[in-house]
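Engineer: For the sequence shown, numbering that gives the first Met the number 0 gives the first residue as 0, with consecutive numbering after it. Here a beta-carbon is modelled for each residue, glycine too, at the ideal position from N, C-alpha and C. Handing you this structure, nothing more for now.
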Amino acid sequence: MFEHKGQPPIPTAYFARRLALSVLVVAALLAVSLLIGMAGYHAFEGMPWLDAFLNAAMLLGGMGPVDPLKHEAAKLFAGLYALYAGLVFIISVALILTPVLHRVLHKFHVPES
């Protein structure tokens, strides 16, 4: 996917396309993660879809749940979903920063002619 250190850096237009692809992958990951959270809150706690969206979005955003949970299964789901959301955050940052950091580091390795 990335060019070797002996190759010149790709043109800016290709780099922008590579970065846009990373952002799209992250957007898809976040959308799927949000749907998983909504389905879990709806199934385990019986929340309406809008409340389930709010709670899942707040956990994915790192803020924490809004509504107190009454059922033990919902509490277990929320705890596991919070751990998952933390990993999604780390993966998202890595996916977006990888093309940028690769380009910066690649410029240091290209031999001058």
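(1) Measuring straight from C-alpha to C-alpha, what distance separates M46 and F14?
(2) Short of 6 Å in beta carbon distance, which residues of its chain neighbour A84, apart from the five on each side in sequence? Order them along the chain.
(3) Just to confirm before moving on: does the CB-CB distance between I89 and V25 stay below 7 Å?
(4) Would you call V87 buried or exposed, if buried means 16 or more other Cβ atoms sit within 10 Å of its Cβ?
(5) Could you give the DSSP three-state label for F1: helix, strand or coil?
(6) Would you say the stretch 66–81 touches the stretch 39–54, given that touching needs at least three Cβ pairs under 8 Å?
(7) Classify G36: buried if its beta carbon has 16 or more other beta carbons within 10 angstroms, exposed otherwise.
(8) Residues in its own chain within less than 8 Å of L33 by CB, not counting five upstream and five downstream?
Structural biologist: Let me lay it out:
(1) Taking the first residue of the sequence shown as 1, we reach residue 46 at position 47. Taking the first residue of the sequence shown as 1, we reach residue 14 at position 15. Spanning the two alpha carbons is a distance of roughly 43 Å.
(2) The residue you call residue 84 lines up with position 85 of the sequence shown. The answer, listed in chain order, is L58, L59.
(3) For the purposes of this step, residue 89 is taken as residue 90 along the sequence shown, with counting starting at 1. For the purposes of this step, residue 25 is taken as residue 26 along the sequence shown, with counting starting at 1. Not in contact: I89 and V25 (Cβ atoms no closer than 7 Å).
(4) Locating residue 87 in the sequence shown gives position 88, where the first residue counts as 1. V87 is buried by the Cβ-count criterion.
(5) As a first step, residue 1 is located in the sequence shown; it is residue number 2 there, counting from the start. In this structure, F1 counts as coil in the three-state DSSP scheme.
(6) yes
(7) On the sequence shown, residue 36 is found 37 positions in, with the first residue counted as 1. By the neighbour-count rule (16 or more Cβ atoms within 10 Å), G36 is buried.
(8) To locate residue 33, count along the sequence shown from 1; it is residue 34. F52, A55, A56, L59, listed in sequence order.
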